[in-house]
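With my numbering applied, the sequence shown corresponds to residues -16 to 338, in that order.
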Amino acid sequence: MIAMTPAGDFRTSYREDMTIFPTRNSRYALWAGIALLCLAPLFLGRYELGLLITIGFSAIAALGLNILVGFTGQISIGHAAFFGFGAFASAWLHEYAHIPVALCIPLAGLMTALVGLVFGAPAARLKGLYLAIATLAAQFILEDFFARAPWFTGGVAGRITEPFELFGWVADREESYFYVVLAWVVIMFVAAANLMRTRDGRALVAVRDHYLSAEMMGINLAYYRTLSFGIASFYAGIGGALYAHYLLFVSVEAFNILFSIQFLGMVIIGGLGSIMGSLMGAAFMTLLPEVVQAGADLLAGSAIDRALRLGASISFLREMAIGAAIILFLIFEPDGLARRWRLIRAYWKLYPYSH
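In structure tokens:
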């Protein structure tokens, strides 16, 4: 292993070891990055801002899945269903309970967390393939509920949502809604970073590392496994609510099993057990189809297209690229983009010395 900290960096207390920012420069870099993002609407167009918004709510949902999979060692193949439940819940709360959209978003997260606890309670006593099948069942159960509950989802016709509004300020364009998503990204990522520093966060990691040892130390396995499902569902609900009030329309067909696989891909590519990796994975999975589509447009009608007789199959390169990326990362970079970023940062920090 390459040392992540230079020689002479001594820490004499748990507080120093558990701090979010290991150095003062890392804190300044974060503030500078947030300030730069706040200026993004002044320089970027609506298309680029739309990609950043998509990365934002996808990263929130992926972070919840990472808490479940990466930090607790559980598995979920039905994350998209909870994402969709949060989207429908926020729209339903605003339309029938007449709650402001600003409050519907956290309430939708809480409602989704309750649903996650319902499915997490029996799944908490399962592991391995049985747990994967249980979460897959949750995916299909919620999909069927979406189709058969028009009072909640609008049925096959979907549901129209309203834009975000706070004290008369309406975020109905990318330039304004970007700040709403950015605020929630900061809140949810800071909350997750602090969660991992608490006793409960360390218990989740202990359950992942060795559940028998954790149980011998007095950690309630069923409680913390169920809790991880609730936390993951809460994050999925927040991400889904932000998704709903961005597109202003929610469709039942959008939250299928393929969408759940994409969330798993974000976690795998970004890095299991890494908070920043969730953001990196969401950015990678959002931008990869755009890059592939640009390449496919360049290939259309070219000599390569005619030689390989790609024809209409070029449009499927986007889906193929996602599967290929997951496989390649599992083979060549199983720890994800987060570890690669740590190695790059350590190289430039320690260069030209090895210690």
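Yeah, the Cβ is synthetic: ideal placement off N, Cα and C, and Gly gets one too. Source: prediction; values computed, not measured.
Assumed close pair residue i, residue j - CB separation to whole angstroms, cut-off 8 Å
| i | j | result |
| --- | --- | --- |
| residue 46 | residue 62 | Wrong, their Cβ atoms sit about 11 Å apart, outside the cutoff. |
| residue 164 | residue 39 | 4 Å |
| residue 187 | residue 194 | About 11 Å separates the two Cβ atoms, so there is no contact after all. |
| residue 217 | residue 96 | 4 Å |
| residue 219 | residue 106 | Incorrect: roughly 15 Å between the Cβ atoms, too far for contact. |
| residue 42 | residue 257 | Rounded, the Cβ-Cβ distance is 12 Å, inconsistent with contact. |
| residue 214 | residue 50 | 5 Å |
Inter-residue Cα distance where the pair is residue i and residue j
| i | j | result |
| --- | --- | --- |
| residue 299 | residue 330 | 38 Å |
| residue 343 | residue 69 | Residue coverage of the chain in this structure runs from -16 to 338, which leaves residue 343 outside it and unanswerable. |
| residue 161 | residue 33 | 8 Å |
| residue 321 | residue 207 | 25 Å |
| residue 315 | residue 277 | 25 Å |
| residue -15 | residue 132 | Reliability fails at residue -15, whose pLDDT of 44 lies under 50, so the model's placement of it is uncertain and the value that follows must be treated cautiously. Each residue's Cα considered, the two are about 54 Å apart. |
| residue 243 | residue -5 | 43 Å |
| residue 198 | residue 113 | 21 Å |
| residue 119 | residue 78 | 30 Å |
| residue 221 | residue 174 | 13 Å |
| residue 104 | residue 147 | 33 Å |
| residue 226 | residue 37 | 8 Å |
| residue 121 | residue 14 | 39 Å |
| residue 135 | residue 263 | 33 Å |
| residue 99 | residue 35 | 27 Å |
| residue 89 | residue 265 | 21 Å |
| residue 167 | residue 128 | 28 Å |
| residue 325 | residue 12 | 15 Å |
| residue 110 | residue 123 | 19 Å |
| residue 327 | residue -3 | 27 Å |
| residue 177 | residue 286 | 54 Å |
| residue 312 | residue 267 | 12 Å |
Residue from the options with nearest C-alpha to residue i
| i | options | result |
| --- | --- | --- |
| residue 117 | 57, 200, 141 | 57 |
| residue 233 | 123, 13, 64 | 64 |
| residue 323 | 254, 229, 267 | 254 |
| residue 150 | 259, 166, 156, 83 | 83 |
| residue 317 | 99, 306, 10, 252 | 252 |
| residue 238 | 22, 17, 41, 67 | 67 |
| residue 144 | 111, 85, 178 | 85 |
| residue 332 | -2, 2, 9 | 9 |
| residue 92 | 223, 306, 263, 17 | 223 |
| residue 155 | 264, 29, 13, 312 | 29 |
| residue 55 | 309, 196, 184, 81 | 184 |
| residue 101 | 312, 212, 130 | 212 |
| residue 26 | 16, 158, 138 | 158 |
| residue 137 | 71, 271, 192, 17 | 71 |
| residue 125 | 170, 31, 235 | 235 |
| residue 269 | 31, 180, 281 | 31 |
| residue 241 | 275, 73, 306, 81 | 306 |
Burial state of residue i (16 or more Cβ within 10 Å)
| i | result |
| --- | --- |
| residue 153 | exposed |
| residue 52 | buried |
| residue 75 | buried |
| residue 231 | exposed |
| residue 228 | buried |
| residue 7 | exposed |
| residue 367 | Residue 367 cannot be examined here, being either before or after the span of the chain that is shown, -16 to 338. |
| residue 21 | exposed |
| residue 209 | buried |
| residue 19 | exposed |
| residue 303 | exposed |
| residue 196 | exposed |
| residue 279 | buried |
Heavy atom of the ligand SAH within 7 Å of residue i beta-carbon
| i | result |
| --- | --- |
| residue 265 | Ligands are entirely absent from the displayed structure, and the ligand SAH is therefore not among its contents. |
Every unbroken alpha helix (DSSP H) within the segment 206 to 272, with a cutoff of 4 residues, ordered by chain: Counting whole runs of 4 or more residues, the segment 206 to 272 contains the alpha helix (DSSP H) stretches 240 to 253.
Sequence ranges, alpha helix (DSSP H) only - wholly within the segment 96 to 180, length at least 4: Annotation note: the segment 96 to 180 contains the following uninterrupted alpha helix (DSSP H) runs of length 4 or greater, listed N- to C-terminal: 112 to 131, 133 to 136, 157 to 178.
Any beta strand (DSSP E) of 3 or more consecutive residues that is wholly inside the segment 29 to 98: Counting only runs that start and end inside the segment 29 to 98, there is no beta strand (DSSP E) element of at least 3 residues.
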